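Asks: Handing you a structure now.
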Amino acid sequence: MPEGANPVADYELGLRLLNARATQRVLGSLGDPFALVLRGADDPYPLYAAIRERGPIYSSTTGSRVTADPEVIAEVLADPLWRMSSPDGSPVAEQPLPFYGYGTQGAEADEHTRLRAHWQPLVDPEALAAHRKTVERECLARLDRITGDDLMAGYAWPVATAATGALLGVPAAALPRYAECCAAAAALPDSLLAAQPLTLVRRIEDAVAGLDALFGGEPGTPDRAVRVLLSTTAVPATAHLVGNAVHALLAEPGRWAALSRDPGLAEAAVAETLRYDPPVQMEIRVAAAPVELTGTTLPAGSHLVMITAAAGRDAARHPEPDGFRLDRQAEPEPLAFAGGLHHLPVAPLARAQAEVALRILAEARPNLRPSGAPVYRRRAPVVRGPVELPVHGLGET
222 MPEGANPVAD
232 YELGLRLLNA
242 RATQRVLGSL
252 GDPFALVLRG
262 ADDPYPLYAA
272 IRERGPIYSS
282 TTGSRVTADP
292 EVIAEVLADP
302 LWRMSSPDGS
312 PVAEQPLPFY
322 GYGTQGAEAD
332 EHTRLRAHWQ
342 PLVDPEALAA
352 HRKTVERECL
362 ARLDRITGDD
372 LMAGYAWPVA
382 TAATGALLGV
392 PAAALPRYAE
402 CCAAAAALPD
412 SLLAAQPLTL
422 VRRIEDAVAG
432 LDALFGGEPG
442 TPDRAVRVLL
452 STTAVPATAH
462 LVGNAVHALL
472 AEPGRWAALS
482 RDPGLAEAAV
492 AETLRYDPPV
502 QMEIRVAAAP
512 VELTGTTLPA
522 GSHLVMITAA
532 AGRDAARHPE
542 PDGFRLDRQA
552 EPEPLAFAGG
562 LHHLPVAPLA
572 RAQAEVALRI
582 LAEARPNLRP
592 SGAPVYRRRA
602 PVVRGPVELP
612 VHGLGET
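When we follow our numbering, the leftmost residue of the sequence shown carries the number 222, and every step to the right adds one.
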């Protein structure tokens, strides 16, 4: 048994997680579309459409209120009464669904005011322009030694971890451990809604602790908190954004060829992926006080799940919402990465890294083509991206 393990705590948490998974399975079998989302689906978008059809706010049998309505989502994200923690920064009272955590540390406005000085220099325009050169070097270096046919393991994850590690000053010798911790922590947002196996919960805890230790210095310092935040959120966001973009581009003949002929379309491809199949699918908020929403007063502590990814498939916002197009213009900005202040340092970094990674890949591998169906992790309602994305032509020189 690992040092410091508590078998009683493990038994109690494991039983609770198991019961929660069983309950969600039953509710899904009875037709609750949100329970089916929590269970996991290779294509959750038909379930999002079913949730949208149930009205602006849908009371799920899981105990959460759920919305896929873009106007409701935008209103909640702009209202400081809807928070990821209580006004003093402590966790909110336990809700029906969260099983492991209550959101990203430092997610509230007061915390980001304190942390801004530590993350802003990393993602301001000048810093990102320099960082794009680093990402380009990492992409080219990875392509020079790539093996296998899995885009995620061979390219997307290695580029995301190496580039972000370089930005955060991770020593070269520590990069393998850094990459391991980033990958293990990627399921943290999903554990906020969908009960995970006990082994995965403990792996997430160990990964976050491992990242914290890698950065050294005093625990809890703002600089260290920002580096852990970017490692647990920006790295998977970049990897999944690249994976989702490549999958969409390869799904229809001609799309990848168009990008290869004009790699400058990488920016448009990333923007369209954020609308069509973003790496972050939903946001979770809790009312810090009674609040009126769609004509109804909701009590303090009300738990709301906002499916931000559904807004990108809303025909009222985007013509031909189920089509992936590189020529969209004058349409509303996708709600992906719009979910509050904790995305401020993540969004520009992930977008910049993904744009460079796509451009370099399209230039270097114009003959890329799918070789099988992508594999997705179960019980991953928040973070979306393939675990495996098999392609032909990845290792070509």
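Ideal Cβ positions, reconstructed from N, Cα and C, are used throughout, including at glycine.
These figures come from a predicted structure and were not determined experimentally.
So within the segment 237-271, which uninterrupted beta strand (DSSP E) runs reach at least 3 residues, ignoring any that extend past its ends?
Replies: The segment 237-271 contains no whole beta strand (DSSP E) run of 3 or more residues.
Asks: Could you tell me whether the Cβ atoms of Met-503 and Val-603 are closer together than 8 Å?
Replies: Contact: yes.
Asks: So what does DSSP say about Leu-519, is it helix, strand or coil?
Replies: Reduced to three states, the DSSP call for Leu-519 is strand.
Asks: With a floor of 4 residues, list each alpha helix (DSSP H) that falls wholly inside the segment 462-487, ordered by position along the chain.
Replies: Counting only runs of 4 or more, we get 476-482.
Asks: Out of Pro-457, Pro-379, Val-567 and Ala-416, which one is the CA nearest neighbour of Leu-239?
Replies: Of the candidates Pro-457, Pro-379, Val-567 and Ala-416, the one whose C-alpha sits nearest the C-alpha of Leu-239 is Ala-416.
Asks: CA-CA distance, Val-293 and Asn-588?
Replies: When rounded, the distance between both Cα atoms is 43 Å.
Asks: With 16 as the cutoff for other CB atoms within 10 Å, does Pro-474 come out buried or exposed?
Replies: Classification for Pro-474: exposed.
Asks: Anyone know if the C-beta pair for Thr-382 and Ala-400 falls short of 8 Å?
Replies: Yes, they are a contact pair.
Asks: Unbroken alpha helix (DSSP H) runs of length 4 or more, entirely within the segment 368-449: which are they?
Replies: Fully enclosed alpha helix (DSSP H) runs of 4 or longer: 378-388, 396-406 and 419-435.
Asks: So, with DSSP's three-state summary, where would you put His-539?
Replies: The answer is coil: DSSP assigns His-539 none of H, G, I, E or B.
Asks: Kindly list the residues whose CB is nearer than 6 Å to the CB of Pro-265, restricted to its own chain and excluding five residues on each side of it in sequence; keep chain order.
Replies: Excluding sequence neighbours, Pro-265 sits near Val-258.
Asks: What do you reckon, are the CB atoms on Ala-208 and Leu-298 nearer than 8 Å?
Replies: Outside the displayed range of the chain (222 to 618) lies residue 208, so it cannot be described from this structure.
Asks: Drop a sphere of 10 angstroms on the beta-carbon of Tyr-279, count the other beta-carbons inside from all chains shown, and report buried for 16 or more, exposed for fewer.
Replies: Tyr-279 should be labelled buried.
Asks: Identify whether Gly-322 lies in helix, strand or coil by the three-state DSSP scheme.
Replies: Confidence at Gly-322 is low in this model, with a pLDDT of 38, below 50, so its placement is unreliable and the value that follows should be read with caution. Residue state, collapsed to three classes: coil.
Asks: Taking Cys-403 and Ser-452 to be in contact with their CB atoms under 8 Å, please state how far apart those CB atoms are, rounded to whole angstroms.
Replies: Confirmed, Cβ separation roughly 5 Å.
Asks: Using three-state DSSP, classify Pro-317 as helix, strand or coil.
Replies: The predicted model places Pro-317 with a pLDDT of 42, which falls under 50 and marks its position as unreliable; any figure quoted below should be read in that light. Coil, per DSSP.
Asks: Taking the CB atoms as reference points, tell me whether Leu-471 and Arg-590 lie closer together than 8 Å.
Replies: Contact: yes.
Asks: Could you give the residue range of the beta strand (DSSP E) that holds Ala-508?
Replies: Start and end: 504-508.
Asks: When we look at the beta-carbon of Thr-442 and count the other beta-carbons within 10 Å, is it buried (16 or more) or exposed?
Replies: Exposed is the call here.
Asks: Using the three-state DSSP reduction, which class does Val-356 fall into: helix, strand or coil?
Replies: Helix at Val-356.
Asks: Looking at the unbroken alpha helix (DSSP H) that takes in Thr-288, where does it start and where does it end?
Replies: No alpha helix (DSSP H) contains Thr-288, which is instead part of the beta strand (DSSP E) from 286-288.
Asks: Where does the unbroken beta strand (DSSP E) through Val-512 begin, and where does it stop?
Replies: It spans 512-514 - the beta strand (DSSP E) in which Val-512 sits, taken as one unbroken run.
Asks: What do you get for Gln-341, buried or exposed, if any count of 16 or more other CB atoms within 10 angstroms of its CB means buried?
Replies: The residue in question, Gln-341, is exposed, as its Cβ has fewer than 16 Cβ neighbours within 10 Å.
Asks: Going by beta carbon distance, what residues of the same chain come within less than 6 Å of Gly-464, once the five residues before and after it are set aside?
Replies: Cβ within range, chain order: Met-373, Ala-377, Gly-606, Pro-607 and Leu-610.
Asks: How is Thr-452 classed by DSSP in three states: helix, strand or coil?
Replies: According to the sequence displayed, residue 452 carries Ser and not Thr. If DSSP states are grouped into helix, strand and coil, Ser-452 belongs with the helices.
Asks: List the endpoints of the continuous beta strand (DSSP E) containing Val-604.
Replies: Taken as a continuous stretch (DSSP letters only), Val-604 belongs to no beta strand (DSSP E), as it is neither H nor E.
Asks: Tell me the rounded alpha-carbon separation between Leu-343 and Leu-251.
Replies: Approximately 48 Å between the Cα atoms of the pair.
Asks: Rounded C-beta distance between Arg-448 and Leu-389? I'm assuming under 8 Å.
Replies: Right, the Cβ-Cβ distance comes to about 5 Å (below 8 Å), so this counts as a contact.
Asks: Is the Cβ-Cβ distance between Val-676 and Ser-592 less than 8 Å?
Replies: The question about residue 676 has no answer, for the chain in this structure spans 222 to 618.
Asks: Please list, in chain order, all residues of the same chain as Glu-552 whose beta carbon is under 6 Å from its beta carbon, the five residues on each side excluded.
Replies: Counting only Cβ-Cβ distances below 6 Å, and skipping sequence neighbours, we find His-539.
Asks: Suppose contacts are defined by Cβ-Cβ distances below 8 Å. Is Ala-446 in contact with Leu-579 by that definition?
Replies: Going by C-beta atoms, Ala-446 is not nearer than 8 Å to Leu-579.
Asks: Can you tell me which of the three DSSP states Val-526 falls into?
Replies: If DSSP states are grouped into helix, strand and coil, Val-526 belongs with the strands.
Asks: By the DSSP assignment, the alpha helix (DSSP H) with Val-293 in it spans what residues?
Replies: It spans 291-299 - the alpha helix (DSSP H) in which Val-293 sits, taken as one unbroken run.
Asks: Just mark Leu-361 as buried or exposed, buried being the case when its beta carbon has 16 or more other beta carbons within 10 Å.
Replies: Looking at its Cβ environment, which holds fewer than 16 other Cβ atoms inside 10 Å, Leu-361 is exposed.
Asks: Please determine, among Pro-410, Val-422, Ala-537 and Pro-346, the residue with the shortest C-alpha to C-alpha distance to Ile-505.
Replies: Nearest C-alpha to Ile-505: Pro-410.
Asks: Counting along the chain, where does the alpha helix (DSSP H) carrying Ala-585 start and finish?
Replies: Element bounds for Ala-585: 567-585.
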